[in-house]
Amino acid sequence: MSNPTAEEKRAIFRAKAQEGIVKYGFIAVTIGLFGWFALTEETFRQPSTLFSMLKFTSVVAIVGLGVTFTMVVGGLDLSVGSIAGLGVTVSAMMMVIYNLTGIFSGIMVLVAGAVVGALNAVLIVWMKIPDLLATLGMMFVVMGLKLLPVEGQSVSSKMILRDGSVAPGKFTDGFLQIDRLKVWEVPLPVIIWLVLTILAWYLLTRTKYGRIMYAVGANPEAAKLSGIKIEWYRASAYVISGLFAATGGMILSSRIGQGDISAGNSLLLDAVAVALVGTSVLGAGKPNAWGTALGALLIGIVITGLTIKGFPYYAQDISKGIVLLLALVFSFTLSRKKARFVAAT
Amino acid sequence: MQGSVEMNQITMAFGANLVLRGVDLTVKGGEVTALLGANGAGKSTLIKVLSGLYPNHGGQIMIDGKPVQLETPSDAKKLGLQTVHQRIGEGVVPGLSVAENLLFEKIARNALGRVGSIRQIMPKALEVAESLKLGWSEKFLRKDVYELGIADQQMLILARALIEKPKLLILDEPTSALSAAEVDNLMGVIRGMRNEGVGILYVSHRLGEIDTIADKLVVLRDGVIRGEQDKPFEWNTALGQMLGEDTLQEIQSNIEMRGDESILQINDLSLFQRSSPFSLSLRKGEVTGVIGLLGSGKTEIAESIFGAAKKRSGNMTFEGQAFRPRHPRDAIRMGVFMIPEDRASSSMFPNWSIAKTTSLPFLSQLSKGPNVGVGAEKLRASEIIQELQIVAEGPDQEVDSLSGGNQQKVVVGRWLKGKPKLLILDEPFRGVDIGARRTISLQARELSKSGAGVLVLTSEVDELLEIADRVIVLVDGEPKLDKYLSETSREEIVHEMSEVI
Chain H
14 MSNPTAEEKR AIFRAKAQEG IVKYGFIAVT IGLFGWFALT EETFRQPSTL
64 FSMLKFTSVV AIVGLGVTFT MVVGGLDLSV GSIAGLGVTV SAMMMVIYNL
114 TGIFSGIMVL VAGAVVGALN AVLIVWMKIP DLLATLGMMF VVMGLKLLPV
164 EGQSVSSKMI LRDGSVAPGK FTDGFLQIDR LKVWEVPLPV IIWLVLTILA
214 WYLLTRTKYG RIMYAVGANP EAAKLSGIKI EWYRASAYVI SGLFAATGGM
264 ILSSRIGQGD ISAGNSLLLD AVAVALVGTS VLGAGKPNAW GTALGALLIG
314 IVITGLTIKG FPYYAQDISK GIVLLLALVF SFTLSRKKAR FVAAT
Chain S
78 MQGSVEMNQI TMAFGANLVL RGVDLTVKGG EVTALLGANG AGKSTLIKVL
128 SGLYPNHGGQ IMIDGKPVQL ETPSDAKKLG LQTVHQRIGE GVVPGLSVAE
178 NLLFEKIARN ALGRVGSIRQ IMPKALEVAE SLKLGWSEKF LRKDVYELGI
228 ADQQMLILAR ALIEKPKLLI LDEPTSALSA AEVDNLMGVI RGMRNEGVGI
278 LYVSHRLGEI DTIADKLVVL RDGVIRGEQD KPFEWNTALG QMLGEDTLQE
328 IQSNIEMRGD ESILQINDLS LFQRSSPFSL SLRKGEVTGV IGLLGSGKTE
378 IAESIFGAAK KRSGNMTFEG QAFRPRHPRD AIRMGVFMIP EDRASSSMFP
428 NWSIAKTTSL PFLSQLSKGP NVGVGAEKLR ASEIIQELQI VAEGPDQEVD
478 SLSGGNQQKV VVGRWLKGKP KLLILDEPFR GVDIGARRTI SLQARELSKS
528 GAGVLVLTSE VDELLEIADR VIVLVDGEPK LDKYLSETSR EEIVHEMSEV
578 I
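Heads up: the sequence lines are chains H and S, in that order.
Each residue of the first sequence is one higher than the one before, counting from 14 in my numbering.
Each residue of the second sequence is one higher than the one before, counting from 78 in my numbering.
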């Protein structure tokens with residue numbers, strides 16, 4: 014081989030630079046923004062600010078983790094926000110109206126999430142409705158359905174029930190601790206977020222199950238011809254997504270301390286956004302657990318930073334949108350890998 | 078005087094790949110010229126050149142002796158070159174009526190004025206239907222296109238091509254979706270056009286039809302016209318030209334193996350609704366090669382055995398036990414593996430490494446508990462790379478980045494390594510270089526020598542002669558010939574493949 018000419022050298026450099034940007038660009042942006050906010054704002058670098066930022070981010074991040082599973086199998090779940098909202102209502106009803114224990118209520122929230130996820134799976138996998146449409150329909154159904162038993166009212170302790178009596182129960186102390194408890198200064202929701210991220214990462218990258226999930230998403234036909242019953246794997250993703258969304262709802266419920274009927278509705282877009290942002294982290298080009306966690310973290314940093322800097326509330330949506338678009342530029346425009354998330358069905 | 082369309086030294090390259098290497102072809106008005114060629118011979122590229130889709134082709138096209146330039150599809154249409162493409166669904170617009178579809182090009186050009194309702198265009202549609210002797214009533218013209226059967230849709234796009242009074246009509250596999258009666262009907266229409274002086278280029282795999290309708294036959298192989306005949310046609314010559322006849326000598330090196338013990342018994346399987354059921358026994362220790370043209374049912378056999386298709390009539394026994402695979406998983410568990418025809422869409426995963434691609438069907442064997450055994454997986458991939466002499470950096474290299482032949486070796490290797498009892502290879506040599514082809518066929522023969530059953534499906538005689546011990550010719554879903562290679566000849570195989578006579 015002869016020595017490369019100056020032009021070839023430049024071309025090689027360009028290719029390498031591009032690869033570097035794709036791989037580390039996103040993390041660099043995150044660290045850069047974090048550094049800028051930390052250097053310029055006294056408040057931002059307080060540990061208490063950072064932990065409250067992490068705490069507020071945790072719900073979106075956990076719900077987004079569930080969405081990640083559906084994206085791995087080549088789908089998407091638009092019903093996650095409404096499932097989280099359902100979790101809020103279910104937990105409030107169980108404790109306030111039926112006076113049940115916090116643990117039982119928590120379990121019922123997870124059951125509700127899994128049931129909605131299973132219904133999504135039936136619609137998508139066996140009734141062959143495209144995922145976006147099926148989960149969109151399910152989103153409306155759940156949003157309305159959760160209001161049915163509470164007659165469209167928020168559930169709070171000492172509320173007057175239909176028969177004129179006062180609601181017997183209240184949010185139990187244990188349940189409220191889900192959001193309030195701190196372990197060595199670290200809020201419990203942040204620990205739950207970390208644990209679930211590690212769990213999802215382990216499942217998706219280390220196990221046979223995760224390998225097959227990615228295979229089903231990347232090429233369902235080839236997966237089937239490799240002897241995989243793709244239906245069950247696709248179905249499992251929606252059940253997992255329901256469970257994660259319900260977990261997010263549980264934390265939210267504990268945070269609000271009442272059955273707010275509008276809770277969770279705004280989660281959907283944020284959760285899908287962080288999962289999408291996550292596909293570009295480290296140039297993965299595919300949905301992944303740590304990517305989703307980092308995506309949520311970046312959005313959390315941006316929002317907290319801008320708020321401290323005194324930007325108005327509507328700057329939040331603008332910045333979220335810019336972060337998402339930036340991530341998509343990394344995945345689609347700059348990466349030479351074929352990005353695939355909402356691809357094959 | 079009848080017009081003519083003349084092609085001189087047409088060339089077309091995609092990158093370094095020269096698909097057309099100088100095609101000389103003249104289609105005269107009032108004649109049906111049939112174009113015959115195997116997959117990848119360059120037929121569709123030639124058709125696309127004539128449709129104006131490849132303006133950067135080499136060589137010259139002349140209409141009635143005058144050179145023309147085809148820059149766009151509409152240029153081609155204006156000059157009287159009409160093409161009816163193979164995919165009917167792409168030719169009609171569902172949601173519009175038959176009348177609107179019929180006059181679609183006129184409507185699109187605003188030739189009918191500003192059209193508002195179907196009532197306004199109906200007189201013109203009826204007039205056109207009348208002039209083409211389609212026998213379509215107003216009621217029929219009002220139907221939505223999606224209500225039509227496939228044959229009527231085919232007639233419709235044909236009729237639409239005829240409205241513009243073409244000089245040359247190109248028909249690409251016009252009968253592939255039609256029944257026998259519908260084919261007869263279509264032949265009548267084609268004859269009518271021929272008698273009006275239209276030149277017709279008829280592209281088909283169905284030799285019977287070409288025999289019926291064509292006045293002239295040209296054979297295309299590797300981007301060059303290999304033969305031309307006038308009626309009556311010499312079919313053996315034509316098929317020899319189509320499938321290649323030059324490599325006959327080198328394949329004698331295989332020592333023919335004959336198995337005696339049956340591994341898979343197929344009983345009363347019927348591949349298509351119209352084909353009659355047949356029984357077939359595949360034996361251990363020999364390579365069975367099934368050859369047939371496109372649509373003869375090869376892939377259907379493979380999918381039936383592998384459980385990848387809907388259940389067909391008939392039953393199977395594998396090693397003496399009843400065998401009813403309802404999912405590829407069932408077949409794989411029994412040791413019956415299939416390497417599908419189209420590797421990119423059926424075997425590969427974008428951005429996946431060799432290790433991940435090769436381990437997927439065997440993850441359970443490579444793992445302890447729920448975790449993927451990454452070490453075992455890489456070791457296995459390295460062994461595959463070595464055994465099949467795959468040119469790759471290592472087990473972590475992405476399969477997409479390999480050459481076609483090496484990709485195919487990866488796909489073959491992943492199943493070979495799983496110790497198949499019966500291995501089905503569907504068109505294993507497509508898009509594969511000679512070296513890889515040699516390796517794959519040797520590996521398949523090696524496997525069969527070790528006592529496994531091997532079934533190879535192909536549409537090329539050379540490939541069949543290179544790999545098979547036993548030859549089955551499949552025509553229209555039924556086996557026509559079943560002999561050992563030494564008992565038959567290339568001539569007999571080719572002869573049986575041509576369903577004519």
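Here a beta-carbon is modelled for each residue, glycine too, at the ideal position from N, C-alpha and C.
Fair warning: this is a prediction, and the values are worked out from it, not measured in the lab.
Throw me the rounded Cβ distance for the residue i and residue j pair, which I believe falls under 8 Å.
i	j	result
Thr103 of chain S	Ser81 of chain S	6 Å
Arg567 of chain S	Val538 of chain S	6 Å
Val203 of chain H	Phe50 of chain H	Actually they do not touch by this definition, with Cβ atoms about 19 Å apart.
Val367 of chain S	Thr434 of chain S	In fact, because the Cβ distance is near 27 Å, the residues do not count as touching under 8 Å.
Val548 of chain S	Ile570 of chain S	6 Å
Ile191 of chain H	Leu207 of chain H	Actually they do not touch by this definition, with Cβ atoms about 15 Å apart.
Nearest by alpha-carbon distance to residue i: which of the options is it?
i	options	result
Val96 of chain S	S:Ile124, S:Gly107, S:Glu83, S:Val109	S:Ile124
Ser358 of chain S	S:Ser373, S:Ile340, S:Leu370	S:Ile340
Gln137 of chain S	S:Val550, S:Leu284, S:Asp101	S:Asp101
Leu437 of chain S	H:Val229, H:Phe324, H:Gly177, H:Leu338	H:Val229
Lys242 of chain H	H:Gly177, H:Tyr222, H:Val73	H:Tyr222
Arg420 of chain S	H:Asn232, H:Ser293, H:Ala328, H:Glu20	H:Asn232
Lys293 of chain S	S:Ile431, S:Gly106, S:Arg196, S:Arg401	S:Gly106
Ser239 of chain H	S:Leu203, S:Asp249, S:Ile140, S:Arg406	S:Arg406
Ala521 of chain S	S:Lys494, S:Gly508, S:Lys455, S:Thr110	S:Lys494
Gly397 of chain S	S:Ile343, S:His404, S:Ser430, S:Pro417	S:Ile343
Gly269 of chain S	S:Leu255, S:Ala258, S:Asp299, S:Ala236	S:Ala236
Ala432 of chain S	S:Gln474, S:Phe395, S:Gln86	S:Gln474
Ala250 of chain H	H:Asp273, H:Asn133, H:Ile120	H:Asn133
Gly150 of chain H	H:Val101, H:Pro200, H:Val93	H:Val93
Ile290 of chain S	S:Ile277, S:His404, S:Ser422, S:Ile302	S:Ile277
Gly88 of chain H	H:Thr18, H:Pro60, H:Glu244, H:Val35	H:Glu244
Met581 of chain S	S:Thr122, S:Ala111, S:Gly114, S:Leu113	Shown here, chain S extends from 78 to 578; a query on residue 581 of chain S therefore has no answer.
Per DSSP, what kind of secondary structure is residue i in: helix, strand or coil?
i	result
Ala421 of chain S	helix
Phe217 of chain S	helix
Pro325 of chain H	coil
Gln398 of chain S	strand
Phe181 of chain S	helix
Met334 of chain S	coil
Pro150 of chain S	helix
Glu55 of chain H	coil
Val280 of chain S	strand
Gly530 of chain S	strand
Val205 of chain S	helix
Thr43 of chain H	helix
Glu224 of chain S	helix
Pro497 of chain S	coil
Report yes if the C-beta distance between residue i and residue j is below 8 Å; otherwise report no.
i	j	result
Val285 of chain H	Val336 of chain H	no
Ser254 of chain H	Phe82 of chain H	yes
Val129 of chain H	Val155 of chain H	yes
Leu281 of chain H	Leu91 of chain H	yes
Leu218 of chain S	Ala202 of chain S	yes
Leu174 of chain H	Ala180 of chain H	yes
Leu316 of chain S	Val413 of chain S	no
Ser412 of chain H	Gly298 of chain H	Not covered by the structure: residue 412 of chain H. The range shown for chain H is 14 to 358.
Leu180 of chain S	Pro150 of chain S	no
Ile544 of chain S	Ser563 of chain S	no
Gly481 of chain S	Leu465 of chain S	no
Val287 of chain H	Val73 of chain H	yes
Asp288 of chain S	Phe310 of chain S	yes
Between residue i and the ligand MG, is there a pair consisting of the residue's CB and a ligand heavy atom that are separated by less than 7 Å?
i	result
Arg268 of chain H	You won't find the ligand MG in this model; it holds no ligand whatsoever.
Please identify, using Cβ separations under 9 Å, the residues of the region 368–401 of chain S that lie next to chain H, in order along the chain.
Phe383, Ala385
Please list the residues of the region 230–260 of chain H that have a C-beta atom closer than 8 Å to any C-beta atom in chain S, keeping them in chain order.
Ala231, Asn232, Glu234, Ala235, Ala236, Lys237, Leu238, Ser239, Gly240, Ile241, Lys242
Contacting positions in the region 294–314 of chain S - beta carbon closer than 9 Å to chain H:
none
Of the residues that make up the region 401–414 of chain S, which ones have a beta carbon closer than 7 Å to any beta carbon in chain H?
His404, Pro405, Arg406, Ile409
Note down, in chain order, all residues in the region 448–467 of chain S with a beta-carbon under 7 Å from any beta-carbon belonging to chain H.
Asn448, Val449
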